[in-house]
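K.L.:
Number of protein chains: 2
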Amino acid sequence: MATIYEVSALAGVSLATVSRVMNGGTRVSEKTRDKVNKAVEALNYRPSSIARSLASNCSNSVGILVSELHGPIYGEMMSGIEKQLRTAGKHVIIAAGHSDAVSEKDGIEFLIDRNCDALILHVEAISDAYLIELAKSKHPFILINRYIPQISDNCISLNNRRGGYLATKALLEHGHRDIAYISGPLWKMDASDRYLGHQDALSEYGIICNETLLFESNFQEEGGNEGILTLLDTHIPFSAVVCANDEMAAGAMQAARDKGLAVPDDISVMGFDNILLAQYMYPKLSTVNYPVKDMGKMAASWILKNIYQAPQPEITHVFEPELVWRDSVNSL
Amino acid sequence: MATIYEVSALAGVSLATVSRVMNGGTRVSEKTRDKVNKAVEALNYRPSSIARSLASNCSNSVGILVSELHGPIYGEMMSGIEKQLRTAGKHVIIAAGHSDAVSEKDGIEFLIDRNCDALILHVEAISDAYLIELAKSKHPFILINRYIPQISDNCISLNNRRGGYLATKALLEHGHRDIAYISGPLWKMDASDRYLGHQDALSEYGIICNETLLFESNFQEEGGNEGILTLLDTHIPFSAVVCANDEMAAGAMQAARDKGLAVPDDISVMGFDNILLAQYMYPKLSTVNYPVKDMGKMAASWILKNIYQAPQPEITHVFEPELVWRDSVNSL
DNA sequence: AACATTAATGTAAGCGCTTTCATTTGGTTT
DNA sequence: AAACCAAATGAAAGCGCTTACATTAATGTT
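Taken in order, these protein sequences are the chains called A and B. Numbered by our numbering, the letters in the first sequence go through residues -12 to 319 in order. Numbered by our numbering, the letters in the second sequence go through residues -12 to 319 in order.
#1: Which of helix, strand or coil does DSSP assign to A/Leu52?
#2: For the beta strand (DSSP E) that contains A/Ser144, what are its first and last residues?
#3: Residues in the stretch 98 to 114 of chain A with C-beta within 7 Å of chain B's C-beta atoms, listed in sequence order?
#4: Determine, for A/Pro59, whether the minimum Cβ-Cβ distance to residues of chain B falls below 9 Å.
#5: For B/Gly283, which residues from the same chain have a beta carbon less than 6 Å from its beta carbon, with the 5 sequence-adjacent residues on both sides left out?
#6: When the Cβ atoms of the stretch 29 to 45 of chain B are set against those of the stretch 258 to 269 of chain B, are three or more pairs found closer than 8 Å?
#7: Can you say whether A/Ser204 is buried or exposed, counting buried as having 16 or more other CB atoms within 10 angstroms of its CB?
#8: Where does A/Ile166 land, buried or exposed, given buried means 16+ other C-beta within 10 angstroms?
#9: Just curious, the beta strand (DSSP E) that A/Asn276 is in, first and last residue?
#10: Just verifying my parser: in three-state terms, what is the DSSP assignment at A/Asp87?
#11: Between which two residues does the alpha helix (DSSP H) carrying B/Ala287 extend?
#12: Could you name the residues of chain A that B/Ala208 contacts, counting a contact when the two beta carbons are closer than 9 Å?
#13: In whole angstroms, what separates the C-alpha of B/Ala116 from that of B/Leu201?
#14: Establish whether the CB of B/Arg73 and some CB of chain A are separated by less than 9 Å.
#15: If we ignore side chains and look at the alpha-carbon of each, how far apart do A/Gly22 and A/Arg14 end up?
#16: With H, G and I counted as helix, E and B as strand and the rest as coil, what does DSSP make of B/Glu213?
#17: Since A/Ile290 meets chain B, which of its residues come closer than 9 Å, beta carbon to beta carbon?
#18: Helix, strand or coil for A/His109, going by three-state DSSP, please let me know.
#19: In angstroms with no decimal places, state the Cα-to-Cα distance between A/Asn276 and B/Leu72.
#20: Go through the stretch 10 to 54 of chain B residue by residue and report every complete run of the beta strand (DSSP E) that reaches 3 residues or more, in order.
#21: Compute the Euclidean distance between the alpha carbons of B/Asp177 and A/Phe206, then round it to the nearest angstrom.
#22: Any idea which residues DSSP pairs B/Leu72 with across the strands?
#23: Against B/Gln241, what residues of chain A qualify as contacts under a CB-to-CB distance less than 7 Å, listed in chain order?
#24: Output the distance between the C-alpha atoms of A/Val49 and B/Trp174, rounded to the nearest integer angstrom.
#25: Taking Cβ positions only, does B/Ser179 come closer than 9 Å to chain A?
#26: Determine the chain A residues that contact B/Glu69 at a beta-carbon separation under 9 Å, and present them in chain order.
#27: Quick check: what's the CA-CA separation for B/Val228 versus B/Ile254?
#28: In this structure, does DSSP put B/Ser371 in helix, strand or coil?
#29: Below 7 Å CB to CB, which residues in the same chain sit around A/Lys246 once its five sequence neighbours on both sides are set aside?
#30: Would the stretch 101 to 111 of chain A count as touching the stretch 123 to 138 of chain A if we require 3 or more Cβ pairs under 8 Å?
#31: Please list the segments of the beta strand (DSSP E) lying wholly inside the stretch 123 to 168 of chain B, counting only runs of 3 or more residues, in order along the chain.
#32: Which chain A residues sit within Cβ distance under 7 Å of B/Arg328?
#33: Got a sec, what are the start and stop residues for the alpha helix (DSSP H) A/Glu324 sits in?
#34: Mind checking if B/Leu41 is an interface residue toward chain A, Cβ cutoff 9 Å exclusive?
#35: Which residues in chain A have a C-beta closer than 9 Å to the C-beta of B/Ala(-11)? List them in chain order.
#36: Return helix, strand or coil for A/His185, following the three-state DSSP convention.
And the structure:
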């Protein structure tokens, strides 16, 4: 691999000049620029990003920490981020935090040690306090899908509460009154916010939220499965169930059917997230849209703007969910 | 951030000694090791991975190029890779290739420019020739889900042909004789291999493969949708359809139902990949298991073994698919 | 033509480590 | 106590760039 020395020698200019033309910026005469470019071409020279980082103290890399690398939501999110960042010539280092505090801290340290210029964090288990503290350090980061008032500028989040509200309200508008709820782990912000929204809608209709119709689950298909079974076992009647994400909704529908219940005739199901497969479930799932890809892009924009001083359009910090009406809910 | 100088000063030893204790390896007396560790502790020193990389010419990073960051398959794959690599202290830089030759080459160059020690490539559009050439360069890589005889040692692949065979054979064994096929883009190796397997099974049963019952699609739900519609329009009777992946199977089931056809009573559907959601479709999808996570792990192992000289268990280069029998196929 | 400005280029000092080779230390041997 | 040797440590030269500062060339002014 050719180095900048060889280029400078071949072009008959100094190191500094080569560096200048490689980095665009500063003034270099047309003539020398050409000479350098020819030499670069001839030697097939590619600057070493490592050496560049060391000298400039900027690694051009941003670290992403998500709970899992698989799963429809994280995939979309990373997809949005990577696209945005790569066109800007930045690269993306990823790590998984597995929704576990220790593992998440590990991941953050790992990424920081890797000299990331900034981090995009999707963390669930780590405390607000830790994050607030981190914000004081000189390691910039943006939080995705989480809102912490003290550092609101570092947050890009979905209005989950409103999403929960929308989901349940749609059910109520269609005549449902006995509505069960399969939640994600309630210690997770998004899960509890969504549930809060559910309660908002209920109380708007003067309905007292029945805690026994709540099943706290794990955001996974199998959890939806288990949820519906448990709920059914209580023998408390309900005509609809809202699931805090689409995967649990899939599990719930499956389990309901296994029990001989038809969806939506015997029981209506509402999801949340609007993952791609929601429209291919049977029946097609009514759900709440979570524009996660856009949020990923926005997080990337924030970094481009705040860390790399690239001009960017206005940053949106909180995104609004929207109801997506399909076939899994019927009218009473 | 403290540097190695400060540590060396505080501990009263030379740079080299600090470096030695940081890197474990070489002999340092207990006493000095302690002194150094104390200083490290006191200063909260973390070595700069950048400087380390520059000096040692090893970046401890491996680049991953997948077609898309979203999608159930890639997610599982990356998940397997990241887990394996991170426990070894390596980090993972990702890029997307979008199944497009130009974009894939871009991605490879991008990762190489980032000084990755090795690459894990899931590329579809790039030619064999290019990769064979690349193998001659000093940039090590492992190909995942692709087999090129000339560089077989760099390949970790699924026996797709056998998978296609298994899928269709299962249908044949259950009495189906008129079997439609919704394929992925046939220029993609995996798609054409799976189709070949389908033909293998057919000819084993003495059935002439009817080209009009083949629909070449895009591996996406919507493509399965379109596929079944087109196939139905031909008015050539068929009792079952095998889809070259589960997502298309979801689309196909959906579309069949929209046309008033019951699955599996009027039409049986077989998928491929065994994505997580396959078991939550309705009816539960019969499919062929693609152990993609294990393959990701294996790719990581290969790198750990071949690039970082870490001891690893035996490397498996070709993985075998397995039939997963569920409810979307009936017996004739 | 002499001088002041500004643009273009060069010099050299780092960036924070690793690593080779030389030197010192301390324990053994005779 | 002298001589020897292996183990421990240190000195210093890079790794391939960027960048502040110095120098030179080009242009404009009067």
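No residue lacks a Cβ here, since even glycine has one placed at the ideal position from N, Cα and C. The structure presented is a predicted model; accordingly, all values stated were derived computationally and were not measured.
P.N.:
According to the structure shown:
#1: Sequence index remark: in the first sequence, residue 52 of chain A carries index 65 (1-based). Correct three-state label for A/Leu52: strand.
#2: Walking along the first sequence from the start, residue 144 of chain A turns up at place 157. Looking at the DSSP string, the run of the beta strand (DSSP E) that includes A/Ser144 is Cys142 to Leu145.
#3: Asp100, Arg101 and Asn102
#4: Looking up residue 59 of chain A in the first sequence gives position 72. By this cut-off, A/Pro59 is an interface position.
#5: Counted from its first residue, the second sequence places residue 283 of chain B at position 296. Counting only Cβ-Cβ distances below 6 Å, and skipping sequence neighbours, we find Met64, Gly67 and Ile68.
#6: no
#7: Position 217 of the first sequence, counted from the start, is the residue given in the question as residue 204 of chain A. Answer is buried; the Cβ neighbour count reaches 16.
#8: Mapped onto the first sequence, residue 166 of chain A falls at position 179. Counting Cβ neighbours within 10 Å, A/Ile166 comes out buried, since at least 16 surround it.
#9: One-based indexing of the first sequence puts residue 276 of chain A at position 289. A/Asn276 -> beta strand (DSSP E) spans Thr274 to Asn276.
#10: Within the first sequence, residue 87 of chain A is the residue found at index 100, counting from 1. Of the three classes helix, strand and coil, the one that applies to A/Asp87 here is coil, per DSSP.
#11: One-based indexing of the second sequence puts residue 287 of chain B at position 300. Per DSSP, B/Ala287 belongs to the alpha helix (DSSP H) from Val279 to Asn293.
#12: Position 221 of the second sequence, counting from 1, holds the residue named residue 208 of chain B. Per the sequence presented here, residue 208 of chain B reads as Glu, with Ala not at that position. Leu263, Leu264, Gln266 and Tyr267, listed in chain order.
#13: Start at 1 with the first residue of the second sequence, and residue 116 of chain B comes out as number 129. Start at 1 with the first residue of the second sequence, and residue 201 of chain B comes out as number 214. When rounded, the distance between both Cα atoms is 29 Å.
#14: Residue 73 of chain B sits at position 86 when you count from the first residue of the second sequence. Chain A contact via Cβ: present.
#15: Position 35 of the first sequence, counting from 1, holds the residue named residue 22 of chain A. Position 27 of the first sequence, counting from 1, holds the residue named residue 14 of chain A. Checking the displayed sequence, the identity of residue 22 of chain A turns out to be Lys instead of Gly. Approximately 15 Å between the Cα atoms of the pair.
#16: Position 226 of the second sequence, counting from 1, holds the residue named residue 213 of chain B. It is helical.
#17: Residue 290 of chain A sits at position 303 when you count from the first residue of the first sequence. Within chain B, no residue comes near A/Ile290; the closest Cβ sits about 16 Å away, beyond 9 Å.
#18: Here the question's residue 109 of chain A lines up with position 122 in the first sequence. Three-state DSSP puts A/His109 in coil, outside helix and strand.
#19: Reading the first sequence from its first residue, position 289 is the one you call residue 276 of chain A. Reading the second sequence from its first residue, position 85 is the one you call residue 72 of chain B. Those two C-alpha atoms are separated by around 34 Å.
#20: 48 to 53
#21: In the second sequence, counting from the first residue as 1, residue 177 of chain B sits at position 190. In the first sequence, counting from the first residue as 1, residue 206 of chain A sits at position 219. Distance between the alpha carbons of B/Asp177 and A/Phe206 is about 32 Å.
#22: As a working mapping, residue 72 of chain B is identified with position 85 in the second sequence. None; B/Leu72 has no bridge partner.
#23: As a position in the second sequence, residue 241 of chain B is number 254, starting the count at 1. Simply Tyr267 and Tyr269.
#24: Within the first sequence, numbered from 1, the residue matching residue 49 of chain A stands at position 62. Within the second sequence, numbered from 1, the residue matching residue 174 of chain B stands at position 187. Computed Cα separation, rounded: 35 Å.
#25: Along the second sequence, one-based indexing puts residue 179 of chain B at 192. Judged by the 9 Å Cβ criterion, B/Ser179 is not in contact with chain A.
#26: Here residue 69 of chain B is taken as the residue at index 82 of the second sequence, counted from 1. Neighbours of B/Glu69 on chain A, chain order: Leu56, Ile81, Ala82 and Ala83.
#27: Residue numbering aside, residue 228 of chain B sits at position 241 when the second sequence is read from its first letter. Residue numbering aside, residue 254 of chain B sits at position 267 when the second sequence is read from its first letter. When rounded, the distance between both Cα atoms is 7 Å.
#28: With chain B running from -12 to 319 in the structure shown, residue 371 of chain B is simply not present.
#29: By one-based count along the first sequence, residue 246 of chain A stands at place 259. Closer than 7 Å at Cβ, skipping near neighbours: Leu219.
#30: yes
#31: 128 to 131 and 142 to 145
#32: Not covered by the structure: residue 328 of chain B. The range shown for chain B is -12 to 319.
#33: In this structure chain A extends from -12 to 319, so residue 324 of chain A is not present and cannot be described.
#34: Position 54 of the second sequence holds residue 41 of chain B. Taking Cβ atoms only, chain A reaches closer than 9 Å to B/Leu41, which makes this a yes.
#35: Mapped onto the second sequence, residue -11 of chain B falls at position 2. Those do not exist, as B/Ala(-11) stays about 13 Å from chain A at its closest Cβ, beyond 9 Å.
#36: As a working note, residue 185 of chain A is residue 198 in the first sequence. Three-state result, A/His185: helix.
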